[in-house]
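There are 2 protein chains.
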Amino acid sequence: MTPDANHATEGGRRIAVLAHGKFPDRAKTAVGLLRYGPHEVVAVLDRDNAGSRVNDHVADVDDAPVVERFDEVPECDALVVGIAPIGGGFDDSWRPDVRAALERGCDVQAGLHYFLTEDEEFVELAEEHDATLDDVRKPHDGIGVAEGKAADVDAEVVLTVGTDCSTGKMTTTLELVEAARERGVDAGFIPTGQTGIMIAGWGNPIDRVVSDFTAGAVEEMILETGNDHDVLFVEGQGAIVHPAYSAVTCGILHGSMADRLVLCHEVDRDAIHGYESFPTTDVPTLVDLYEGLAAPVHETEVVAGALNTRTHGDDAEAARDAVEAYADELDAPATDPVRFGADEILDVVLDGVAAESNAVEGE
Amino acid sequence: MTPDANHATEGGRRIAVLAHGKFPDRAKTAVGLLRYGPHEVVAVLDRDNAGSRVNDHVADVDDAPVVERFDEVPECDALVVGIAPIGGGFDDSWRPDVRAALERGCDVQAGLHYFLTEDEEFVELAEEHDATLDDVRKPHDGIGVAEGKAADVDAEVVLTVGTDCSTGKMTTTLELVEAARERGVDAGFIPTGQTGIMIAGWGNPIDRVVSDFTAGAVEEMILETGNDHDVLFVEGQGAIVHPAYSAVTCGILHGSMADRLVLCHEVDRDAIHGYESFPTTDVPTLVDLYEGLAAPVHETEVVAGALNTRTHGDDAEAARDAVEAYADELDAPATDPVRFGADEILDVVLDGVAAESNAVEGE
Chain G
1 MTPDANHATE
11 GGRRIAVLAH
21 GKFPDRAKTA
31 VGLLRYGPHE
41 VVAVLDRDNA
51 GSRVNDHVAD
61 VDDAPVVERF
71 DEVPECDALV
81 VGIAPIGGGF
91 DDSWRPDVRA
101 ALERGCDVQA
111 GLHYFLTEDE
121 EFVELAEEHD
131 ATLDDVRKPH
141 DGIGVAEGKA
151 ADVDAEVVLT
161 VGTDCSTGKM
171 TTTLELVEAA
181 RERGVDAGFI
191 PTGQTGIMIA
201 GWGNPIDRVV
211 SDFTAGAVEE
221 MILETGNDHD
231 VLFVEGQGAI
241 VHPAYSAVTC
251 GILHGSMADR
261 LVLCHEVDRD
271 AIHGYESFPT
281 TDVPTLVDLY
291 EGLAAPVHET
301 EVVAGALNTR
311 THGDDAEAAR
321 DAVEAYADEL
331 DAPATDPVRF
341 GADEILDVVL
351 DGVAAESNAV
361 EGE
Chain Y
1 MTPDANHATE
11 GGRRIAVLAH
21 GKFPDRAKTA
31 VGLLRYGPHE
41 VVAVLDRDNA
51 GSRVNDHVAD
61 VDDAPVVERF
71 DEVPECDALV
81 VGIAPIGGGF
91 DDSWRPDVRA
101 ALERGCDVQA
111 GLHYFLTEDE
121 EFVELAEEHD
131 ATLDDVRKPH
141 DGIGVAEGKA
151 ADVDAEVVLT
161 VGTDCSTGKM
171 TTTLELVEAA
181 RERGVDAGFI
191 PTGQTGIMIA
201 GWGNPIDRVV
211 SDFTAGAVEE
221 MILETGNDHD
231 VLFVEGQGAI
241 VHPAYSAVTC
251 GILHGSMADR
261 LVLCHEVDRD
271 AIHGYESFPT
281 TDVPTLVDLY
291 EGLAAPVHET
301 EVVAGALNTR
311 THGDDAEAAR
321 DAVEAYADEL
331 DAPATDPVRF
341 GADEILDVVL
351 DGVAAESNAV
361 EGE
């Protein structure tokens, strides 16, 4: 998978996003597309919130109606499944909407472990109505084992890691890319999950590749883009202490050979999401684990933190206090990149990168 | 995959084992089958050693001729590919032997990432000659994400972990199973790789499952067998600091929720096999990493060590010294399970298990 490989995501398309029962808090793909996607979102499908507006739930994005079913969606080019349930299955209650989209000739894109392109009914309907099915979580052929070469690229590699799933790793990564570019730094984005791939239009779905190739799938993307940028921001996945997903995290950590880590956490998260009998691990212990585990493959350091403070709502003061407490725990700068901007941690994350960039340009 | 699911490995079959150019030191599947398999090995195919005998290379197994090509193999039921190259590809120089085996009506079994059952020529030949193709590295359908429940089973779970690949994790696991059974302990074996699966006739090839399901594939096997035994010995894979394969190791560590770890090492190994620019990590650091990484999911401890001393050849004294030095580094009992037997570490590995077994029986 290279940046040229395309998941039918040229910018400027009009899309509807399916997020039944989960918008916005359990629909991170939907929110990611609203906040960072290159497309115009014409509607969100959530039967539990039908009749409301996107801005009733998410303030800082373009508004759109929330509707009950696809029949109510205005004219559009594609339906995107914007939910990523644990296990990645397809909920059959979504079938009528996918069917209706295809019957209208709209493309359908999803990032599930269940592949639309292997669903007989959808394949037939897509053919009949000249629509495209796009499974962004289906890895391309030819991914193999890592060679331990990601550190050979020119770019500095920055990886987001987490205390758990859904702590804001993708968001933090994209905010860092944007903030770095605003400073004139040539920053690349390495998408590793379905939402990142939908936004960027390319990428390897690391959690779906063969386990033996986990690190290799990350390394491949870094080798292909790492000499074209001064810094690469790699979207992390899961957590190194997650009962189910730690393998993915570990493969990304070693495959990326990251130079710097940004640890993402959500305020007051005290148990692993969906695995409530497992408490989260304290921050200093996690820092030691990430750094200690990475070191034999490539020395790295947690240089900054990103704290998701959405549960503090409008209370910016409480959010600021939480960020400061988190920075103390980390013994490193921290921010909430959505609330306060990624710029607050950019100095330390980019330390030395801009200068290196100028030096290269001056050669 | 359950112990009932069968990879066509009922005992007593006559098999030929393909190990071209790699027998015995780089043919761990071949040697594993010779040492622990339920089958009669009638020949080993290795064109570089043709004309020699198995016992010229491996002393403590049943003898058989080493031949150049399948045409020279005596009557048999199956050809087994007994090499596991980095990357798991199929070397086309093996094609004539696989072809010849199928033409003789022999089944062919392999544990490669390349699937025989997706090779058009082999599929046609197998059909024509009523032979079976068996890819033991092809995971069964229905494997999913871990639920963090492996620790709920009655059995104590013992996992072998390593300082690198090919340090003797499978061998140590099988020697421990045998030694435990000799003491009358009800011990189960959890196969996680191609050789283990070929020997046991069941198992999940963990390095081949979808990355997200790595821990789940191990957990599945433990939940299915863990209440039928007093102790489960889980075959480990890779190493937690391996540049390519650490994801697999991490998934097994967390998915198995092991109660005890046995750290496997090869004497004088100072770089990662096949990744020579990466030095191995010192033993105390590795112990801390394995225990520290496991703890947030399930507390565990490295209770013993297994040292592969084959490079010391006939020098038993040097081997004994090396084992003692390794035990000092570990601060735990150690053995070379092949040279000195697994019994030397069994007390600490089984500590409390036999008593628990009796207690249960007495209820």
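The listed protein sequences derive, respectively, from chains G and Y. Just so you know, we're using full-length UniProt numbering here: the first sequence kicks off at 1 and counts up by one. Just so you know, we're using full-length UniProt numbering here: the second sequence kicks off at 1 and counts up by one. Positions of the beta carbon are idealized from the N, C-alpha and C atoms, including for glycine.
- In this model, F233 of chain Y and I345 of chain G are separated by some 46 Å (Cα to Cα).
- Between G88 of chain G and L112 of chain G, the gap from beta carbon to beta carbon is short of 8 Å.
- For C264 of chain Y, there are no C-beta contacts with chain G under 7 Å, since the nearest C-beta of that chain is about 17 Å from it.
- The continuous stretches of beta strand (DSSP E) do not include C165 of chain Y, and DSSP gives it neither H nor E.
- Against chain G, the beta carbon of F278 of chain Y has neighbours under 9 Å at G148, P296 and V297, listed in chain order.
- Straight through space, the alpha carbons of L133 of chain G and Q109 of chain G are spaced by roughly 6 Å.
- Put simply, the backbone Cα of F278 of chain G is about 30 Å away from that of D331 of chain Y.
- Annotated as proximal: C250 of chain G and S246 of chain Y, with beta-carbon spacing under 8 Å.
- Around the beta-carbon of A294 of chain G, 16 or more other beta-carbon atoms lie within 10 Å, marking it buried.
- Collapsing the DSSP output to three states places E266 of chain G in a strand.
- Per the Cβ contact rule, the region 14-26 of chain G is in contact with the region 35-52 of chain G (3 or more Cβ pairs under 8 Å).
- Minimum Cα-Cα distance from Q194 of chain Y among the listed residues G:G82, G:D212 and G:P296 corresponds to G:D212.
- Minimum Cα-Cα distance from T163 of chain Y among the listed residues Y:A306, Y:I15 and Y:G12 corresponds to Y:A306.
- Counting only residues of its own chain and dropping the five nearest sequence neighbours on each side, V153 of chain Y has a CB closer than 7 Å to the CB of I222, L223, G226 and N227.
- DSSP places A304 of chain G inside the beta strand (DSSP E), whose first and last residues are E301 to N308.
- No Cβ of chain G is located within less than 8 Å of the beta carbon of Y326 of chain Y.
- When only Cα atoms are considered, A101 of chain Y and V61 of chain Y end up about 24 Å apart.
- Close partners of V210 of chain Y in chain G (Cβ separation under 8 Å): H113, D207, R208, V209, V210 and S211.
- At a cut-off of 8 Å between C-beta atoms, T300 of chain Y does not count as an interface residue with respect to chain G.
- For Y245 of chain Y, there is no enclosing alpha helix (DSSP H), as DSSP marks it with neither H nor E.
- Listed as beta-bridge partners of D135 of chain G by DSSP are G:A110.
- The distance from the Cβ of R137 of chain Y to that of D97 of chain Y is about 19 Å, inconsistent with a contact at the 8 Å cut-off.
- If you compare the alpha carbons of G:V349, G:A59, G:Q237 and G:W94 with that of V262 of chain G, the shortest gap goes to G:V349.
- Annotation: the region 156-217 of chain Y contains the following complete segments of the beta strand (DSSP E) (minimum length 3 residues), in chain order: 156-162 and 187-190.
- Under the three-state reduction of DSSP output, V81 of chain G falls in the strand class.
- When C-beta distances to chain G are compared with 8 Å, the residues of the region 222-251 of chain Y below that value are I240, V241, H242, P243, A244, Y245, S246, A247, V248, T249, C250 and G251, in chain order.
- Neighbours of I86 of chain G across chain Y, judged by C-beta separation under 8 Å: V145.
- If you draw a straight line from the Cα of R269 of chain G to the Cα of T280 of chain G, it is about 7 Å long.
- The alpha carbon of V157 of chain Y has as its nearest neighbour, out of Y:S256, Y:A342 and Y:V287, the alpha carbon of Y:S256.
- Straight through space, the alpha carbons of V297 of chain G and G148 of chain G are spaced by roughly 8 Å.
- Cα atoms of A239 of chain G and L253 of chain G: separation of roughly 10 Å, rounded to the nearest angstrom.
- For T300 of chain G, the closest alpha carbon among the candidates G:T335, G:T160 and G:A318 is that of G:T160.
- Of all residues in the region 148-169 of chain G, only G148 come within less than 8 Å of chain Y when Cβ atoms are compared, listed by chain position.
- By the neighbour-count criterion, in which a residue is buried when 16 or more other Cβ atoms sit within 10 angstroms of its Cβ, D207 of chain Y is buried.
- Ranked by Cα distance from G12 of chain G, the options G:E329, G:V210 and G:D77 are led by G:D77.
- Residue-level contact check: T281 of chain Y touches chain G, since one or more beta carbons of chain G fall below 8 Å from its beta carbon.
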